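Enquirer: Residue numbers for the sequence shown follow UniProt numbering, beginning at 1 and rising by one.
The beta-carbon is built from N, C-alpha and C at its ideal position, and this holds for glycine as well.
Model, not experiment: these values are computed from the prediction.
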Amino acid sequence: TRSGAQQALKGLRFISKATGKSDGDELWMEVAAQFHRLAKDGFLSRSDFAQCIGMKDSKEFAGELFDALGRRRYRCKIDRITLDELREFWLEMSVQSFD
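1) Rounded to the nearest angstrom, what separates residue 26 and residue 53 at their Cα positions?
2) Under a Cβ-count criterion, where at least 16 other Cβ atoms within 10 Å of its own Cβ denotes burial, should residue 59 be classed as buried or exposed?
3) Among 80, 56, 83, 89, which has the Cα closest to the Cα of residue 72?
4) Suppose you measure from the CA of residue 49 to the CA of residue 95; what does that come to, to the nearest Å?
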């Protein structure tokens, strides 16, 4: 829906703040802190990914993003990730050329 797309774009703007700005490390620290609050046994589930990266109002879009990043990296569907994997996802999302 249109409002869903608007929420997703708002979430992506949050992510894009990490690109080319001095607050990128601070944004990552917020995401990492969210990971530690949401993770179970050292893994973040797909269902918690949206909240972790600041897109809690765009869960469906964030889920698709999670799936796409997982397929790029592992060539299969994954259900959960570690903090290191989240960092790799975050870095990939933060690149200006990410598509």
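Expert: The structure says:
1) 13 Å
2) buried
3) 89
4) 19 Å
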